[in-house]
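Colleague: The UniProt record's numbering puts the first residue of the sequence shown at 1, with every later residue one more than the last.
A virtual CB, placed ideally from N, CA and C, is assigned to each residue, including glycine.
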Amino acid sequence: MLNHVPKEDGLPARVKQEKQEMDNLLSQALAKLTFEEREKHQEVLHGVKSNLVEDKRALDSALQELDGRLRNTKHCTSYEVAETLDAAYVSARSFRVMFLRANEYNAKAAADQMLRFFELKSNLFGTDKLVKDITIKDLGEGDIAYLKRSFVQLAGRDRSGRQVTVHLAGLLGNSESSYTIQNACRAQYYVFMKTLQSEESQIRGTVSIWYAIGSLQAKSRKGFFETFVSARALPQKKAAIHLCVDDITQSALANVVVKLMPADMRARMRMHYGSLTECKYQLSTYGILPESLPLDVHGNINFHRQLHWVESCIMEELFDRPSSPKALEAITVPNQNDVLFTGGQVANHVGNELFQALILDYSQTYDSGTGATKRQIISEVIVKIQEVGGRFLKPQGKGANKLWEEVPPEKLRKKIVQAFRNRRRRLDAFKNKATLISGEPLPPDVIFGRAPRNPGNELLQRLVKEHAEEYESLNRGLKLRVVEGIIKTIKDQGGRFLEPAPEKGRWVEVSVENARERTSTYFRNQRRSVKRGY
Numbered sequence: 001m002l003n004h005v006p007k008e009d010g011l012p013a014r015v016k017q018e019k020q021e022m023d024n025l026l027s028q029a030l031a032k033l034t035f036e037e038r039e040k041h042q043e044v045l046h047g048v049k050s051n052l053v054e055d056k057r058a059l060d061s062a063l064q065e066l067d068g069r070l071r072n073t074k075h076c077t078s079y080e081v082a083e084t085l086d087a088a089y090v091s092a093r094s095f096r097v098m099f100l101r102a103n104e105y106n107a108k109a110a111a112d113q114m115l116r117f118f119e120l121k122s123n124l125f126g127t128d129k130l131v132k133d134i135t136i137k138d139l140g141e142g143d144i145a146y147l148k149r150s151f152v153q154l155a156g157r158d159r160s161g162r163q164v165t166v167h168l169a170g171l172l173g174n175s176e177s178s179y180t181i182q183n184a185c186r187a188q189y190y191v192f193m194k195t196l197q198s199e200e201s202q203i204r205g206t207v208s209i210w211y212a213i214g215s216l217q218a219k220s221r222k223g224f225f226e227t228f229v230s231a232r233a234l235p236q237k238k239a240a241i242h243l244c245v246d247d248i249t250q251s252a253l254a255n256v257v258v259k260l261m262p263a264d265m266r267a268r269m270r271m272h273y274g275s276l277t278e279c280k281y282q283l284s285t286y287g288i289l290p291e292s293l294p295l296d297v298h299g300n301i302n303f304h305r306q307l308h309w310v311e312s313c314i315m316e317e318l319f320d321r322p323s324s325p326k327a328l329e330a331i332t333v334p335n336q337n338d339v340l341f342t343g344g345q346v347a348n349h350v351g352n353e354l355f356q357a358l359i360l361d362y363s364q365t366y367d368s369g370t371g372a373t374k375r376q377i378i379s380e381v382i383v384k385i386q387e388v389g390g391r392f393l394k395p396q397g398k399g400a401n402k403l404w405e406e407v408p409p410e411k412l413r414k415k416i417v418q419a420f421r422n423r424r425r426r427l428d429a430f431k432n433k434a435t436l437i438s439g440e441p442l443p444p445d446v447i448f449g450r451a452p453r454n455p456g457n458e459l460l461q462r463l464v465k466e467h468a469e470e471y472e473s474l475n476r477g478l479k480l481r482v483v484e485g486i487i488k489t490i491k492d493q494g495g496r497f498l499e500p501a502p503e504k505g506r507w508v509e510v511s512v513e514n515a516r517e518r519t520s521t522y523f524r525n526q527r528r529s530v531k532r533g534y
């Protein structure tokens, strides 16, 4: 499917033919799907499904079938050689489950891929490396040099938390490059197998972006076939593939891989045509954060994160520290739902707004709760951020290229405790400095509590009704923005948010936090009214 379809006038006949062949293959893949299958593919494309629970019985059954198929097809293969060298390595449950997950638990497809995997591993690294995990030490100088400026780069996670990889087409097909296709395939193997250390990436899959815009247009097709065949042998589940081009002749690149791609995968491939800005917007509709691409505003490559990641892998493996999937997170730009602890306020970041909204929601119960209750609330705050694909991050450095790392669990709980304390202190400070207002409220004022309604209340109710549908469709962090927009509208008209003071005829202007909380209550009441049919 091609978004923002370009004109084809004046294109060479060969390009038109290749584009037509590719369009036909993609259309046929969609046409063969049932309605339910199309819905499923749409959910996968947009990262809607987030259930990481597997059916243990079904998995055990698939493992048994996989074992039987391997026994019948392993003869005279690199898999059989590997089994002779170390049967425990090739039969390890965690190892085999990777291939089942990558192939939607299809035992036949998983067995075929395992055979291809060991053939690839033997060709790339030799027989002596068949039954060991490949590390930086197994890569040559040329491989590592290429890895630092590789055509495939990690690009953080999308809004649903899936790993995103960006394939810079112009780097792979550059005939001026001194690197070999073997360097590219080894580097790709290392990057992909590193991502598969995360069980979440195995189950949910990864999102691939092929980028061929501006100076990164491929000058030739050199290496595309080899790297595609190499990638097919790796147990990586492709949740979606996006191809970004600004020259329709570049869409012919897809022909190299689409013809070899399983029909099921073609249904999850999307093509985007346009400038860097246009393609970033189109990708954002699939939950891919524009800032996650390793490119600046002019489309130039920023290798900073890739270099840091490679160096961190080198340091880990030289000191024999176990490699952690979180090392990948340390070098990615934050996704929209991450909570950033920077020592100050983070403006316009959804994850922080969601975090503050949770602190606000739980504050009353937290302040009055026992130690056990407080610990439970802290755990719930962490889970709710993680459910939307968010992480709790702190900066590793400074400036435009600063990197991030996850806050350790023991320190994270202390930071959340501090967030509750800070809110309570702000509330106490407000109470001590509350200013009494004499006289009658102004017409645009909103009056809370047991007091006669004011025109400002009617305006608030109308604004809530107008934004109710939008409010209900958003996550908590974005809901807070809707609430703040309404508060600003009322204040722009000269309105204040008041409640009666103990002294008759006097009023207290409530805090911004209080106004947010009470405006959110209006939305909840509106929801209840709709459900009751009022």
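Any heavy atom of the ligand NAP within a distance shorter than 6 angstroms of the CB on residue 124?
Modeller: Judged by which ligands are present, the structure shown has none, so any question about the ligand NAP falls away.
Colleague: Specify whether the region 77-86 and the region 191-202 touch according to this definition: at least 3 beta carbon pairs, one from each stretch, less than 8 angstroms apart.
Modeller: The answer is no - the region 191-202 does not touch the region 77-86, with fewer than three Cβ pairs under 8 angstroms.
Colleague: Let me know the secondary structure DSSP gives residue 497 once reduced to three states.
Modeller: Residue state, collapsed to three classes: strand.
Colleague: Pull up the distance between the alpha-carbon of residue 339 and that of residue 156, whole angstroms please.
Modeller: In a straight line, the C-alpha of residue 339 is about 15 angstroms away from that of residue 156.
Colleague: Relative to the C-alpha of residue 403, which residue among 393, 354 and 206 is closest?
Modeller: Of 393, 354 and 206, the residue nearest in Cα terms is 393.
Colleague: Our contact map puts residue 219 next to residue 170 with C-beta atoms below 8 angstroms; I'd like the distance itself, whole angstroms only.
Modeller: Rounded, the Cβ-Cβ distance is 7 angstroms, consistent with contact.
Colleague: What's the gap between the Cα of residue 67 and the Cα of residue 139?
Modeller: Taking the straight line joining both Cα atoms gives about 31 angstroms.
Colleague: In terms of alpha-carbon separation, which member of 74, 163, 152 and 271 lies closest to residue 185?
Modeller: The option with the nearest alpha carbon to residue 185 is 152.
Colleague: Residues bridged to residue 273 by DSSP?
Modeller: According to DSSP, which records beta bridges pairwise, residue 273 is partnered with 245.
Colleague: Within the chosen definition, does the region 441-456 reach the region 486-501 through at least 3 CB pairs nearer than 8 angstroms?
Modeller: Counting Cβ pairs under 8 angstroms, three or more are found: they touch.
Colleague: What is the DSSP secondary structure of residue 392, counted as helix, strand or coil?
Modeller: In the structure shown, residue 392 sits in a strand (DSSP, three-state: E or B).
Colleague: Leaving out five residues on either side along the sequence, give the residues of the same chain with a beta carbon under 6 angstroms from the beta carbon of residue 235.
Modeller: Correct list, in chain order: 98, 99 and 102.
Colleague: First and last residue of the alpha helix (DSSP H) that includes residue 68?
Modeller: First-last of the alpha helix (DSSP H) with residue 68: 56-73.
Colleague: With DSSP collapsed to three states, give me the class of residue 96.
Modeller: Residue 96 falls in the helix class under three-state DSSP.
Colleague: Going by the beta-carbon positions, is the gap between residue 507 and residue 501 smaller than 7 angstroms?
Modeller: Yes, these two residues count as a Cβ contact at 7 angstroms.
Colleague: In this structure, what does DSSP give as the bridge partners for residue 199?
Modeller: Paired residues: none, contrary to the question.
Colleague: Taking DSSP as the reference, what is the three-state secondary structure of residue 34?
Modeller: Here residue 34 sits in coil by DSSP.
Colleague: Identify whether residue 267 lies in helix, strand or coil by the three-state DSSP scheme.
Modeller: The answer is coil: DSSP assigns residue 267 none of H, G, I, E or B.
Colleague: Considering Cα atoms alone, identify which of 105, 491, 489 and 471 is closest to residue 237.
Modeller: It is 105 whose Cα lies nearest to the Cα of residue 237.
Colleague: In the structure shown, what three-state DSSP assignment does residue 211 receive?
Modeller: Residue 211 falls in the strand class under three-state DSSP.
Colleague: If you compare alpha carbons, which of 310, 108 and 201 is closest to residue 135?
Modeller: Out of 310, 108 and 201, 310 has the C-alpha closest to the C-alpha of residue 135.
Colleague: Buried or exposed for residue 322, please, with buried defined as at least 16 other CB atoms from any protein chain shown within 10 angstroms of its CB.
Modeller: A caution first: residue 322 carries a pLDDT of 45, below 50, which makes its placement in the model unreliable, though a value can still be read off. Exposed is the call here.
Colleague: So, residue 287 versus residue 160, is the Cβ gap smaller than 7 angstroms?
Modeller: Yes. Within cutoff.
Colleague: Terminal residues of the continuous alpha helix (DSSP H) containing residue 46?
Modeller: Run containing residue 46: none; DSSP gives neither H nor E here.
Colleague: I'd like to check one pair, residue 486 with residue 463: are the Cβ atoms closer than 7 angstroms?
Modeller: Yes, the Cβ-Cβ distance between residue 463 and residue 486 is below 7 angstroms.
Colleague: Could you check the C-alpha separation between residue 379 and residue 341 for me, to the nearest Å?
Modeller: Rounded to whole angstroms, residue 379 to residue 341 spans 18 angstroms at the Cα level.
Colleague: Residue 395 to residue 60, Cα distance in whole Å?
Modeller: Looking at the two C-alpha atoms, the distance is approximately 42 angstroms.
Colleague: Can you list, in chain order, the residues of its chain whose CB lies under 8 angstroms from that of residue 300, leaving out five sequence neighbours each side?
Modeller: Within the same chain, residue 300 has close Cβ partners 215.
Colleague: Alpha helix (DSSP H) containing residue 110: first to last residue?
Modeller: From DSSP, the alpha helix (DSSP H) with residue 110 extends over 107-125.
Colleague: Who are the Cβ neighbours of residue 117 in its own chain at under 6 angstroms, not counting the five residues just before and after it?
Modeller: Excluding positions up to five away in sequence, the list reads 233.
Colleague: If you measure between the beta carbons of residue 63 and residue 111, is that distance less than 7 angstroms?
Modeller: No; because the gap between Cβ atoms is not below 7 angstroms, this pair is not in contact.
Colleague: Pick helix, strand or coil for residue 134, following the three-state DSSP scheme.
Modeller: In this structure, residue 134 counts as coil in the three-state DSSP scheme.
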